[in-house]
Amino acid sequence: MLFKRSTNKRWKIWMPKKKNFQEILKLEGTIRTLKNELKEAEESQQDGLEREAELKEQLRLAESRLNQGAEMVRKLQKELEEQIDRSQDQMLQNENEIEMLRQRLAAQANDLLKGQEEVTAQRNRIFELEKTLQMMDAQKTKRSPQAVVRSHRTTKFVQ
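My numbering applies: residue 1 is where the sequence shown begins, and numbers increase by one.
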């Protein structure tokens, strides 16, 4: 029994060491797992930081393009407004020219009408003068042996 007792003592001494050893092994396993998880987390964080940097660069490029596009739109809008202003000015100028030409045309039409009236009046006067001349010639013929026959713009002497 003596032996058993001493084995028991050894067993009792060794058991706590064994439990400590198992706990140490368990803790070491947990530490390894945590280290692996930490390494994966650091890699994941690094990947995330790289992705964030890429996205920031893409965002910067997109903002740059957006600003360029906005600037182009402002420039085109300004050009369009200037073109509209020039077009309106040209339309006003054209309308003024059209009105001036209408006035000139009306004045020329009026002048033409006056000219036609004058021509008609002159023709009537010529007709009246020819009549008067014919009457005078007729009276002269009664007085002289030589007859003068006058027609519309020509004069013939008849014997």
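C-beta atoms are modelled at their ideal positions from N, C-alpha and C, and glycine is treated no differently.
What you are looking at is a predicted structure, and each value in this text was computed from that prediction instead of being measured.
- A straight line joining the alpha-carbon of Arg32 with that of Leu66 spans about 49 Å.
- Glu99 and Asp111 have their C-alpha atoms spaced approximately 18 Å apart.
- Rounded to the nearest whole angstrom, the CA to CA distance from Arg74 to Gln68 is 10 Å.
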